[in-house]
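Novice: The structure's right below; bear with me while I get my questions together.
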Amino acid sequence: TCDAGQWSCTEKSCSGKCSFTGGSHIVTFDDQAYTFHGDCKYLLSKHINESYIIVGQMEQCGISRAVTCMKSVHITIST
């Protein structure tokens, strides 16, 4: 897990999945839930050796700045 910007190992079991729904709702691999809005590109997942990288681009999609949508997802797989 990441604690205050530092990685720490735990004995917690991990489901091995994460999710990004509704344009701003994120559940991480360690089952932590976050909601945020931002018009930017975000690193969603990557392998430690960067054999794959998943980046999502969010953008404002409503009349309010608090409404964002996933515009695109870019997946890079190294061989």
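Going by full-length UniProt numbering, the residue at position 47 of the sequence shown is 47; the numbering climbs one at a time, nothing skipped. Backbone N, C-alpha and C fix where the C-beta goes; we use that ideal spot for every residue, glycine too.
(1) Who are the near neighbours of residue 26 in its chain, counting only those whose CB is closer than 6 angstroms to its CB and skipping five residues on each side?
(2) So, for residue 37: in the same chain, excluding its five sequence neighbours on each side, which residues have a beta-carbon less than 6 angstroms away from its beta-carbon?
(3) Buried or exposed: where does residue 16 fall if 16 or more other Cβ atoms within 10 Å of its Cβ makes it buried?
(4) Nearest-angstrom Cα distance between residue 72 and residue 56?
(5) Pick from 18, 51, 30: whose alpha carbon is nearest that of residue 8?
(6) Thinking just about the alpha-carbon of each residue, which of 63, 4, 74 is nearest to the one in residue 41?
(7) Assign residue 29 to one of three DSSP states: helix, strand, or coil.
(8) Just to confirm before moving on: does the CB-CB distance between residue 53 and residue 76 stay below 8 angstroms?
Specialist: Per the coordinate set shown:
(1) 20, 34
(2) 24, 66, 68
(3) exposed
(4) 6 angstroms
(5) 30
(6) 74
(7) coil
(8) yes
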